[in-house]
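**Q**
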Amino acid sequence: MDAIAVLGLDALPYRYLKIYAEKGIAPNIFKLQNIHASYRIRAIPPITPASWPSIMSGVNPGKHGIFSFSGFDKKTKKVFYYNASHLMHPRITEMIAYEGGTVLSVNPIMDYPIFPHKNLTIVSNMFFTPKPLSYPKNLIDKYFSTEVPLPKNKTQYIKYLDGLEALLEDYLQNPPKLIWINLNFPDALYHAIPETLNNPEKVSQIWRRIDKIYLMLKEIIGNVIIVSDHGFSRHEIRISINDILIKHNLAASKSAREEYLTHKDPNEFRIVKINPRVMRFLMKTGLKDRFISPVVRRVVKPLYEKLTKKKLMFGSSYYIDVHNSDVIYPTLNSFGVYVLNSDKLEQALSVLKQYEGLSIVEYKGKIFNGRYLDRIPDIVIIPDYDKGYVLGPPDIVGSVYNKTITYDHDLWGSMILDLSDTDSINLEYLNSLDYLENMMVGPIVQCMLGYPLSIDVDSKSLIEKSCNRDLSYKNYRGKFLVSKKLAVRKT
Ligand SMILES: [Zn+2]
Numbered sequence: 043m044d045a046i047a048v049l050g051l052d053a054l055p056y057r058y059l060k061i062y063a064e065k066g067i068a069p070n071i072f073k074l075q076n077i078h079a080s081y082r083i084r085a086i087p088p089i090t091p092a093s094w095p096s097i098m099s100g101v102n103p104g105k106h107g108i109f110s111f112s113g114f115d116k117k118t119k120k121v122f123y124y125n126a127s128h129l130m131h132p133r134i135t136e137m138i139a140y141e142g143g144t145v146l147s148v149n150p151i152m153d154y155p156i157f158p159h160k161n162l163t164i165v166s167n168m169f170f171t172p173k174p175l176s177y178p179k180n181l182i183d184k185y186f187s188t189e190v191p192l193p194k195n196k197t198q199y200i201k202y203l204d205g206l207e208a209l210l211e212d213y214l215q216n217p218p219k220l221i222w223i224n225l226n227f228p229d230a231l232y233h234a235i236p237e238t239l240n241n242p243e244k245v246s247q248i249w250r251r252i253d254k255i256y257l258m259l260k261e262i263i264g265n266v267i268i269v270s271d272h273g274f275s276r277h278e279i280r281i282s283i284n285d286i287l288i289k290h291n292l293a294a295s296k297s298a299r300e301e302y303l304t305h306k307d308p309n310e311f312r313i314v315k316i317n318p319r320v321m322r323f324l325m326k327t328g329l330k331d332r333f334i335s336p337v338v339r340r341v342v343k344p345l346y347e348k349l350t351k352k353k354l355m356f357g358s359s360y361y362i363d364v365h366n367s368d369v370i371y372p373t374l375n376s377f378g379v380y381v382l383n384s385d386k387l388e389q390a391l392s393v394l395k396q397y398e399g400l401s402i403v404e405y406k407g408k409i410f411n412g413r414y415l416d417r418i419p420d421i422v423i424i425p426d427y428d429k430g431y432v433l434g435p436p437d438i439v440g441s442v443y444n445k446t447i448t449y450d451h452d453l454w455g456s457m458i459l460d461l462s463d464t465d466s467i468n469l470e471y472l473n474s475l476d477y478l479e480n481m482m483v484g485p486i487v488q489c490m491l492g493y494p495l496s497i498d499v500d501s502k503s504l505i506e507k508s509c510n511r512d513l514s515y516k517n518y519r520g521k522f523l524v525s526k527k528l529a530v531r532k533t
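Numbering (the numbering used here), first residue to last: 43 to 533.
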C-alpha cells in the first residue's frame with residue numbers, strides 16, 4: 043500500500059455512527075459502505091492523553107507511560123501533569139519517520155513538546171499545547187492564526203479547518219507515506235454542548251467542513267481511516283470513590299482549602315467549593331440537573347472563562363486528606379486508587395470489589411504491563427458505563443452513589459476503514475472480532491504500509507492474524523528516547 047491518511051475524531055462513539063449516517067451530517071465520512079466497514083474500539087482507560095498514545099504506539103500505558111491527564115507521586119504525595127516528555131514509546135508517526143518514510147503529523151497526543159525529525163512534518167496547535175508549535179517552524183504562521191480553536195466558537199473552528207485544508211493542499215502535491223491528523227472534535231463540543239451528541243445537525247457546518255477534508259484525503263491518498271480514542275455518552279449515577287474509602291476507614295477527609303487537586307494544571311482553574319449538604323439537596327430535588335447545571339454550563343462557565351481565561355469548577359468543601367489516608371483517589375480521571383500504606387492493598391481491593399457499578403476493579407499488574415507500571419494507580423477502577431455509571435471527582439460528598447446527569451466518555455470508540463487497497467489486511471478476521479483494543483490500530487496501519495512493528499506491541503497474535511503479510515519487529519525505543527532530547531518547547 044502506497045499511503046494512508048488517518049483522521050482522528052476525538053470521542054466519536056461507535057454507537058452513533060449509524061445514527062449520524064441517517065442524519066446525513068457528513069455524507070462522505072458516514073457513507074453506507076463506511077458503516078459496513080466500521081469497528082468497535084475499546085479504550086482502557088477511556089481518556090484522551092492515554093488512549094491516543096495507545097492507538098498510535100501500539101502499546102499499553104504501562105509501556106508508553108501516560109495514563110491520564112495527571113498522575114500521583116506517592117513519594118511526594120503530589121499530583122503531576124502529563125505531557126509528551128512522559129511518553130516513553132514512539133508513535134507510528136515517529137516509527138515510520140525513523141524507517142525513512144515521510145509523515146505529516148497533526149496534533150499527535152501528547153502534543154507538547156514536539157520531537158522534530160527530518161522525515162516528520164509536525165503541527166501541534168489544538169489540544170493541550172500551551173502554545174502553537176510546528177516543525178518546520180513557519181507552518182503555524184503560514185497556515186494558522188495563533189489562537190487554539192474550540193469548536194463551540196464555530197467561526198474560529200472553521201478558520202482552523204480552512205488553514206488545515208490549505209496546508210494539506212500544499213503538502214499533498216508530494217504525498218507522504220502517512221498522514222495522521224487528530225482533531226479535538228467532536229469531543230470538545232460534546233463536553234461544552236452535550237446536546238450535540240444526539241443532535242449533531244446543530245453543528246452541521248463543522249461536520250460538513252470536516253467531511254470536505256475527508257473527501258480530499260480520500261481522493262488524493264485513496265486509503266483513509268477514521269478512528270476515535272473513546273466513546274461518549276450520558277450517565278446517570280456518579281460514584282464517589284473517596285466516599286467509599288472514607289466509609290471503610292481507608293481514607294480521611296478534611297476541609298478543602300488550597301490542597302484541592304485538579305486533574306489539569308491548577309493554574310487553569312478556579313474552584314468554587316460548596317458544602318456537600320447543600321450539594322446533596324440540590325441533587326436530590328433535581329434542582330441541579332434541571333436548573334442550575336444548564337445555566338452554569340451555558341452562561342456562567344463561558345462568561346467566567348471569557349473574563350478570566352480560567353475554567354470554573356465546582357467542588358465539595360470536603361476533600362481527601364492526602365497526609366492521613368492509606369488509600370486515595372486523587373483527581374478526576376484517576377481511573378484508580380493509589381495505596382499509600384501497602385498493608386491496606388488487599389483490603390482496598392476487596393472493599394472496592396463489593397460496590398455495584400464498577401466493571402473493573404483490579405490490581406494494575408493484571409491489566410497493564412511494562413516498565414512504567416509505577417505511574418499507574420495500584421488498583422485500576424473502570425465504571426460500568428454501559429449501565430449508566432461514571433466515576434465522580436475526588437470530592438467528599440457524603441454519599442457513594444449520586445444521581446446526577448453527567449455527559450462523559452465511555453469505552454467504545456470507533457474505527458472506519460475506507461481502503462482502496464485491502465490486500466495486506468485480513469478483513470474477514472477483523473470482522474469476526476467483537477471489538478478491537480485501541481492498541482491494535484497503529485500496528486494495523488503499520489502492517490498495511492509494510493513497516494516493521496515495535497517489538498513491544500501488545501495484542502501480538504491478534505495483529506498477526508489481522509495482517510496478511512509476514513511481520514517483522516524492531517526496537518524503536520532507543521531512537522525515540524534520543525529524539526526526545528531535541529524536544530521543541532517554544533518557537
Ligand atoms: Zn478523547
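Note that the Cβ used here is the ideal one computed from N, Cα and C, for glycine as well. Predicted model, so just to flag it, every value in this text is computed and none were measured.
Within 10 Å of its beta-carbon, does residue 251 have 16 or more other beta-carbons around it, so buried, or fewer, so exposed?
**A** buried
**Q** How many angstroms separate the CA atom of residue 494 from the CA atom of residue 94?
**A** 20 Å
**Q** Go ahead and label residue 323 buried or exposed: buried means 16 or more other beta carbons lie within 10 angstroms of its beta carbon, across all protein chains shown.
**A** exposed
**Q** Can the beta-carbon of residue 419 be found closer than 8 Å to that of residue 357?
**A** no
**Q** List the residues that DSSP assigns as beta-bridge partners of residue 47.
**A** 221, 266
**Q** Is it true that the segment 122-137 meets the segment 150-158, where meeting means three or more beta-carbon pairs spaced less than 8 Å apart?
**A** yes
**Q** Note down the Cα distance separating residue 367 from residue 89, rounded to an integer number of angstroms.
**A** 26 Å
**Q** Just to confirm, are residue 59 and residue 228 a CB contact at a threshold of 8 Å?
**A** no
**Q** Just confirm the distance between the C-beta atoms of residue 391 and residue 400, as a whole number of angstroms; I'd bet it's less than 8 Å.
**A** Incorrect: roughly 11 Å between the Cβ atoms, too far for contact.
**Q** Using a Cβ-Cβ cutoff of less than 8 Å, which residues in the same chain neighbour residue 402 once the five nearest sequence positions on both sides are dropped?
**A** Same-chain partners within the cutoff: 86, 409, 422, 423, 424.
**Q** Just the C-alpha distance for residue 190 and residue 144, rounded to the nearest angstrom, thanks.
**A** In this structure, the straight-line span from the alpha carbon of residue 190 to that of residue 144 is close to 26 Å.
**Q** When you compare each of 84, 96, 450, 103 to residue 415 by their alpha carbons, which one comes out closest?
**A** 103
**Q** Would you list, in sequence order, the uninterrupted alpha helix (DSSP H) runs of no fewer than 4 residues that lie entirely inside the segment 427-474?
**A** 469-474
**Q** Find out if the Cβ-Cβ distance for the pair residue 288, residue 443 is shorter than 8 Å.
**A** no
**Q** Can you list, in chain order, the residues of its chain with a C-beta nearer than 7 Å to that of residue 363? Leave out the 5 residues immediately preceding and following it.
**A** 294, 295, 296
**Q** Please report how far the alpha carbon of residue 34 lies from the alpha carbon of residue 500, in whole angstroms.
**A** In the structure displayed, the chain extends from 43 to 533; residue 34 sits before or after that span and is not available.
**Q** Residue 431 and residue 281: beta carbons closer than 8 Å?
**A** yes
**Q** Would the C-beta of residue 390 count as close to ligand 1, meaning under 7 Å from any of its heavy atoms?
**A** no
**Q** Based on DSSP bridge pairs, tell me the residues matched to residue 404.
**A** 422
**Q** Counting contacts by CB-CB distance shorter than 8 Å, is residue 273 in contact with chain B?
**A** Looking at the structure shown, chain B is missing, and only one protein chain is on hand.
**Q** With residue 201 as the anchor, note down where its alpha helix (DSSP H) starts and where it stops.
**A** 196-213
**Q** Are residue 82 and residue 56 close, meaning C-beta to C-beta below 8 Å?
**A** yes
**Q** Sort out for me which residues DSSP pairs residue 386 with in a bridge.
**A** Looking at the DSSP assignment, residue 386 forms no beta bridge with any residue, so it has no partner.
**Q** For residue 355 and residue 313, what's the separation of their Cα atoms in angstroms?
**A** 5 Å
**Q** What does residue 163 pair with, by DSSP beta-bridge criteria?
**A** 146
**Q** With a cut-off of 6 Å, give the chain-ordered residues whose Cβ is closer than this to any heavy atom of ligand 1.
**A** Those residues, listed in chain order, are 52, 53, 90, 229, 271, 272.
**Q** Going along the chain, which residues of its own chain have a beta-carbon closer than 7 Å to the beta-carbon of residue 321, five neighbours each way excluded?
**A** 358, 439
**Q** When the Cα atoms are used, what is the spatial distance from residue 70 to residue 317?
**A** Between residue 70 and residue 317, the C-alpha separation is close to 50 Å.
**Q** Quick check on residue 133: does DSSP put it in helix, strand or coil?
**A** coil
**Q** Taking all protein chains shown into account, do 16 or more other C-beta atoms lie within 10 angstroms of the C-beta of residue 66, making it buried, or fewer, making it exposed?
**A** Residue 66 is exposed by the Cβ-count criterion.
**Q** Rounded to whole angstroms, what is the Cα-Cα separation between residue 233 and residue 270?
**A** Taken atom to atom, the span from the alpha-carbon of residue 233 to that of residue 270 is near 15 Å.
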